[in-house]
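J.: Sequence lines, in order, name chains A, B, C and D. When you read off a place in the first sequence, starting at 1, and then add 786, the result is the number in the numbering used here. When you read off a place in the second sequence, starting at 1, and then add 786, the result is the number in the numbering used here. When you read off a place in the third sequence, starting at 1, and then add 786, the result is the number in the numbering used here. When you read off a place in the fourth sequence, starting at 1, and then add 786, the result is the number in the numbering used here. Virtual Cβ for every residue (Gly too), placed ideally from N, Cα, C. These numbers come from a predicted model, not from an experiment.
4 protein chains.
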Amino acid sequence: MGGSSFGKIFRISTFGESHGKALGVIVDGCPAGLPLSEEDIQPYLERRRPGKNLKMTQRKEEDRVEILSGTFCGRTTGTPIALLVRNEDQRSKDYGAIAESFRPGHADYGFFSKYGFRDYRGGGRSSGRETLSRVAAGAIAKKLLQELHITVEAEVSELAGISLATSEGKEEADRRILSLRAEGDSAGGVVTCKVNGLCPGIGEPVFDKLDARLAQAVMSIGAVKAVEIGDGILVSRSLGSENNDAFFVEEDDELNKDSACLRLRKESNHSGGILGGMSDGAEIVLKASFKPTPSISKAQKTVKEDGEPITIEIKGRHDPTVVERACVVVEAMTAVVILDCLLENMSSKLENVKKIYGKEE
Amino acid sequence: MGGSSFGKIFRISTFGESHGKALGVIVDGCPAGLPLSEEDIQPYLERRRPGKNLKMTQRKEEDRVEILSGTFCGRTTGTPIALLVRNEDQRSKDYGAIAESFRPGHADYGFFSKYGFRDYRGGGRSSGRETLSRVAAGAIAKKLLQELHITVEAEVSELAGISLATSEGKEEADRRILSLRAEGDSAGGVVTCKVNGLCPGIGEPVFDKLDARLAQAVMSIGAVKAVEIGDGILVSRSLGSENNDAFFVEEDDELNKDSACLRLRKESNHSGGILGGMSDGAEIVLKASFKPTPSISKAQKTVKEDGEPITIEIKGRHDPTVVERACVVVEAMTAVVILDCLLENMSSKLENVKKIYGKEE
Amino acid sequence: MGGSSFGKIFRISTFGESHGKALGVIVDGCPAGLPLSEEDIQPYLERRRPGKNLKMTQRKEEDRVEILSGTFCGRTTGTPIALLVRNEDQRSKDYGAIAESFRPGHADYGFFSKYGFRDYRGGGRSSGRETLSRVAAGAIAKKLLQELHITVEAEVSELAGISLATSEGKEEADRRILSLRAEGDSAGGVVTCKVNGLCPGIGEPVFDKLDARLAQAVMSIGAVKAVEIGDGILVSRSLGSENNDAFFVEEDDELNKDSACLRLRKESNHSGGILGGMSDGAEIVLKASFKPTPSISKAQKTVKEDGEPITIEIKGRHDPTVVERACVVVEAMTAVVILDCLLENMSSKLENVKKIYGKEE
Amino acid sequence: MGGSSFGKIFRISTFGESHGKALGVIVDGCPAGLPLSEEDIQPYLERRRPGKNLKMTQRKEEDRVEILSGTFCGRTTGTPIALLVRNEDQRSKDYGAIAESFRPGHADYGFFSKYGFRDYRGGGRSSGRETLSRVAAGAIAKKLLQELHITVEAEVSELAGISLATSEGKEEADRRILSLRAEGDSAGGVVTCKVNGLCPGIGEPVFDKLDARLAQAVMSIGAVKAVEIGDGILVSRSLGSENNDAFFVEEDDELNKDSACLRLRKESNHSGGILGGMSDGAEIVLKASFKPTPSISKAQKTVKEDGEPITIEIKGRHDPTVVERACVVVEAMTAVVILDCLLENMSSKLENVKKIYGKEE
């Protein structure tokens, strides 16, 4: 069945390997009438592009996106939007040594077991480069969310175990990463993503709850090993009387001005904006924990495809950490989920159905 | 589109409210030929049944499951298996007071916003009672996994912030819960689930990775606010050289005796059995953090449907913690994901397709 | 993956065998707020109920439907609606003789090949009785379509090769069926279904076109061997200049009174209301050709499960024709497709999305 | 949700407009290990390419396909296969006149109603050129089916109402088409498609029956208005005693040599190889009725987007009939359905699951 499609209404289908001819994505189900051009997407690709500073791999990629279909006169037409990015810099000789062995911490062994053989060039489909397609699709989702005054923003909140809440923390983390780079080692970190402007009631219980879908979307990003909503793991140590967020109504709340439904506020936001699997109107907060990049140049023990033990040192241009470049990926996946759930929610009430079809037909 | 179905090949569709006539599930896509009767399912329902000790709600439910279809002569036929559990104890008067206000920490406000009105009796579809359908479906998945020598086991590893690794810890946690119960408060905890016997290569990159699907499945359980795989959030503070698990081959490994593919072992298991979104042959380890039960009898501030502020005390029979009863739910969802991914993986290689169709036809 | 679910947004999942405990359906994705009770569904089950005249099987079934979930205070809540019908009259001895052989024209051999064994009682899941679940779900779809002033009506247009356009035709056909019944033989026929009130633009190119989805829905009904839209097979003998329907606009057309989009009329309707896979605003016309009931009491040659040849005479209570009872099934499947496509189409335009979310949030 | 994806396990997602930059398809879920290169696909594109004789549009397209991903060392890797065809000959000036009016028999009015505006260049997404993506995907399906000794072949059986069973018929039809071409008119026809080598039991009751899925697949092709299986509409005039195909077993049948299940033969094939929605082991026969090309140069009455009446003559290079070029499209869609159903059927029996996982793990 393949696992390279995501979303129910706003549905993205990605393709492409690190060292293949191209990567890309088809976005099907995007509402018609959204202004869209390459210029809306390119800045997001720049944000994830490598080689911008020494904390990133020095691989150079132009990563120019081309819209192949689905727009006309600068607007989306409702038909599938195909986005293409050609690979240019494919120094596959860099990876030759690992063609026959399973890199620790990588997908190599999984792909080999699953498919009987694998595209070993740069990790093939399991390369971080795969996220480029997600980012391109996410740019469209974000553009549409803007029309609804919804924002999605992600940033690194912790790097190599160091909080980036202060500028001292940021400097310390930078030094730590450059030092790890010199040692041929790598570090992980935490990305925090926030969604603002979302109305309550978005998400589909019981399996397609908003948090459940966000969890799938974010956990599907390469190096993520944990996803938390709101207070996350800390809730397990909290009491009901502490963790419950009290509701209140603000008099003359502008939120309620044009709203068809009652808009509440909460005195706290332990829930991270999601209750019972649906948005509760507060800021949505999620955290993703990224593992350290598995490609390190330090010597590692492993096994070859024929079962023979081997010690490898992974050369090439690798990120000492992926979390900075990963922010835009987390943002993209979050935006896709939020938009998809919004579109799905449109038919939740007969009242909405009548609003679209009742009078017009 | 509704969000009450889960799974791609082994697909479960659940229904039912806390105080409605019945709850149940249809399992479609279960392979034919599996021995199955009510006796295979009932014990799992007993494990999640309330009222077994003072840490649980004292609501009494018989929860007898009935197989309505999909079996013949004690075996599954390949057609949809419908499972039904009638509700018996529906003291809805207990919940009358909350009919018009939004309980903090609950789905009430979300349902109201989404659908325009809500079934307030016992939380309706958002009640923990909904998990009964998941457990029933999970029992079938576990039965089938047993035929493939795969086990799925979950247990509470931490309760109210106290590790249950020792018997002292267990006693302390018990005391803590009973004391919270007396205070009308509640606690959270952590459930750890382990899968053994799964071959490598299971899971579908890039969006339906094994960890991504587990994350969705487990995050979709009522009170879960975080899902971790392997070392989870700790990976963000680890180094590549520490976090990578070295592969090795054991001579004359029984794993490799009847295996069509090379079976490796790992010197450590920081990955929690999943690399690149596919099983790596090691034990799968996931952790779910549960928030404290939001239904507490302590006074709480909230708002009524008409916007008026109100202070409520939630009476009725509530669990001071749900984590003990939640283990079997985590197990069920994990089993469904594992089985579903195994079935989906069957067509991963042309070699497998030929094994089923090549010679026989 | 199972094949017992249908629909993308308004999604139905059916279960149940002819001689099992019960049949039923879960409807997920029904908008909240629709008035619904058993009384809305029961009349449709009566329409498909056997035993009403001599042209039908004399099997007696009460077929009382019970709503198990998804409604509260007489309205749908947005959560899954489970409908259950218990089997009562299960004279399985009638079918004992065919337990070991493959009935010609039936699914027996297919089920045996697919699953390795089969529930032979009354055809199990392949019995016409399976359509009961479809009809129950269709009743809900029709109720909702009524709120949008859309009607779906099916009737037998041809029986045993005789057109029912005149009352002479009807009488002749009745005589023919009763005579076939006496001979232990059976006849086929044609059901024509018409949809009125549907706005233009409904259906999702290129694979989920309205006609494509109708074709799947109707062809999935037991005995259907052909599906035609509009002029159907006759278009293959027509010329472009004859087959194209000319558009025109009627002055002060009431259609355009409250409509947000331009409403056209057509001088003819060869297209059967569907152009390019989308509704064109005209009446939708589809035809389904039903084969004669394969269960006949005349002697037939076939083979037993062990390969031995055998001659069988199928006793029991069988319809000499199914087309009369099939009308409500065609209607049900058509209604489900129309409603599902309408709901899917809600997010086709950014304008619609803003209509639901733009001002309110 | 978009309607440009098809298939459950072998899933194709197409994109592209007639006069956009490119058309293409992503094939996800193709088993790994299939030898595949552009040379396997190109010949199918040649078969549907226009301009080969006077019965076809004289538009010249190179239609060179490029594989962008999903293969390595000449074999499929199991990851998504992206296929791209650039548009070259885009004389959009030819279509300028129809930019503001709705062509009769076309999707123009549907697209306008659905999306609020439309890509009018050459019909945009509703152009017959869209089928190019289907044919490319179908080539992969056919290649894989060949490995299982299954063939899919389609041909024109009737053109402009004239049977092509004899060489006189063929000549007469050719003359008829050329004469219609001269008159600026067009004709329809019938394509018959046959599948051989398919084992029994393929197809998923009750909604994803093999015939139901074929009906959707084939009805989704642009100009198709009827789909028939086996005897098709003729079954409605047949008797049960005539229409039932008697089963028999041939002694020492080579079919049963390597088969795990009993293989039967039938004395006739009125069912067209499908009983109860599953293959019955006989040749599968389906017929698709195509309407005459709606683009004709004869004058036609219609309406402009602003409601004003207009008479149009559609200039440009149009096929006087599409059925010859459509054969390969019917073949492609049939092949995709057959393969998809075969893959889905792999998990039908516990026995099969054990065959893949039981001993190896």
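Please state whether DSSP places C/D826 in a helix, a strand or coil.
T.: The answer is helix: DSSP assigns C/D826 an H, G or I state.
J.: Taking Cβ to Cβ, would you say C/L1136 is nearer than 8 Å to A/P817?
T.: For C/L1136 and A/P817, yes; Cβs fall inside 8 Å.
J.: If we count the other Cβ atoms within 10 Å of its Cβ and call it buried at 16 or more, is A/K1043 buried or exposed?
T.: By the neighbour-count rule (16 or more Cβ atoms within 10 Å), A/K1043 is not buried but exposed.
J.: Is A/T863 close to chain D? Criterion is C-beta to C-beta, closer than 8 Å.
T.: A/T863 counts as touching chain D.
J.: Starting from D/I1015 and walking both ways along the beta strand (DSSP E), at which residues does that stretch end?
T.: Looking at the DSSP string, the run of the beta strand (DSSP E) that includes D/I1015 is V1010 to I1015.
J.: Show which residues of chain A have a CB atom less than 8 Å away from the CB atom of B/F796.
T.: In chain order: nothing, as chain A lies at least about 12 Å away.
J.: Can you list, in chain order, the residues of its chain with a C-beta nearer than 8 Å to that of C/S790? Leave out the 5 residues immediately preceding and following it.
T.: S799, T800 and F801, listed in sequence order.
J.: For D/R907, tell me which candidate among D/A1032, D/H892, D/I936 and D/L918 has the shortest Cα-Cα distance.
T.: Nearest C-alpha to D/R907: D/H892.
J.: Between the alpha carbons of C/S1134 and C/I1060, how many angstroms are there, rounded?
T.: C-alpha separation (whole angstroms): 18 Å.
J.: In chain order, which alpha helix (DSSP H) runs of at least 4 residues are fully inside the segment 1092 to 1145 of chain D?
T.: Counting whole runs of 4 or more residues, the segment 1092 to 1145 of chain D contains the alpha helix (DSSP H) stretches 1109 to 1131 and 1136 to 1143.
J.: B/K1087 lies in the beta strand (DSSP E); which residues open and close that run?
T.: Its beta strand (DSSP E) spans residues Q1086 to V1089.
J.: So, with DSSP's three-state summary, where would you put B/T917?
T.: In this structure, B/T917 counts as helix in the three-state DSSP scheme.
J.: Check the DSSP bridge columns for C/M1064 and list the partner residues they point to.
T.: Looking at the DSSP assignment, C/M1064 forms a beta bridge with C/L1061.
J.: Distance check for A/G793 and C/E1147, CA to CA, integer angstroms please.
T.: The predicted position of C/E1147 is uncertain, since its pLDDT is 43 and thus under 50; a value taken from the coordinates is nonetheless stated next. Cα to Cα, the separation comes out at about 23 Å.
J.: Can you find the residues in the same chain that come closer than 6 Å, C-beta to C-beta, to A/I1007, ignoring five residues on each side of it along the sequence?
T.: The residues are V1115.
J.: If you check the beta carbons only, do D/T857 and D/L822 fall under 8 Å apart?
T.: Cβ distance < 8 Å, so D/T857 and D/L822 count as in contact.
J.: Identify the contact partners of D/R976 in chain C, using a Cβ-Cβ distance below 7 Å as the criterion.
T.: The question names Arg, but residue 976 of chain D in the sequence shown is Val. Those are S1022, listed as they occur along chain C.
J.: Relative to the alpha-carbon of C/R861, which residue among B/S965, B/D1066, B/G902 and B/G983 has its alpha-carbon at the smallest distance?
T.: When each option's Cα is compared against that of C/R861, the closest is B/G902.
J.: Of all the options C/G974, C/L950, C/S1045 and C/S1022, which has the alpha carbon lying nearest to the alpha carbon of D/G975?
T.: Of C/G974, C/L950, C/S1045 and C/S1022, the residue nearest in Cα terms is C/S1022.
J.: Comparing C-alpha positions only, which one of D/V977, D/G947 and D/A1009 sits nearest to D/I963?
T.: The residue with the shortest Cα to Cα distance from D/I963 is D/G947.
J.: Using a Cβ-Cβ cut-off of 8 Å, state whether B/K1043 counts as contacting chain A.
T.: No, B/K1043 does not count as interfacial toward chain A.
J.: For A/D994, which three-state DSSP category applies?
T.: A/D994: strand per DSSP, three-state reduction.
J.: For the segment 929 to 941 of chain D, list every residue whose C-beta sits within 9 Å of some C-beta in chain B, in sequence order.
T.: Here the close residues are L930, E933, L934, H935 and I936.
J.: Could you give the first and the last residue of the continuous beta strand (DSSP E) run that contains A/G810?
T.: It spans A808 to D814 - the beta strand (DSSP E) in which A/G810 sits, taken as one unbroken run.
J.: Which residue comes first and which comes last in the alpha helix (DSSP H) that contains C/R967?
T.: Here the alpha helix (DSSP H) through C/R967 covers S953 to E969.
J.: Is the Cβ-Cβ distance between A/K1087 and A/T1097 less than 8 Å?
T.: A contact, by the Cβ cut-off of 8 Å.
J.: Less than 8 Å separating the beta-carbons of C/I812 and C/A868?
T.: Closer than 8 Å, so yes.
J.: Using a threshold of 7 Å, is the CB atom of B/I884 nearer than that to any non-hydrogen atom of the ligand GDP?
T.: The ligand GDP is not among the ligands present in this structure, which contains no ligands whatsoever.
J.: Whose Cβ in chain A lies nearer than 9 Å to the Cβ of B/V1035?
T.: Going along chain A in sequence order, the residues near B/V1035 (Cβ under 9 Å) are V1089, G1093, E1094 and P1095.
J.: Would you tell me roughly how many angstroms separate the C-alpha atoms of B/S949 and B/K956, rounded to the nearest one?
T.: Roughly 8 Å separates the two Cα atoms.
J.: What is the rounded straight-line gap between the Cα of A/E1069 and the Cα of A/D894?
T.: If I take the Cα positions, the gap works out to 39 Å.
J.: Would you say B/A1009 and B/V1108 are within 8 Å of each other, going by their C-beta atoms?
T.: For B/A1009 and B/V1108, yes; Cβs fall inside 8 Å.
J.: What is the C-beta distance between A/V1013 and A/V1004, in whole angstroms, given that I count them as a contact (C-beta under 8 Å)?
T.: So it is a contact: roughly 5 Å between Cβ atoms.
J.: Helix, strand or coil for C/K1077 per DSSP?
T.: DSSP places C/K1077 in coil when its eight states are reduced to three.
J.: I want to see whether chain A comes within less than 8 Å of B/M1132, judged by CB atoms only; does it?
T.: For B/M1132, the answer is no, since every Cβ of chain A falls outside 8 Å of its Cβ.
J.: I'd like to know if the segment 967 to 974 of chain A and the segment 1111 to 1125 of chain A are in contact, where contact means that at least 3 CB-CB pairs between them fall below 8 Å.
T.: With the cut-off at 8 Å, the segment 967 to 974 of chain A and the segment 1111 to 1125 of chain A do not touch.
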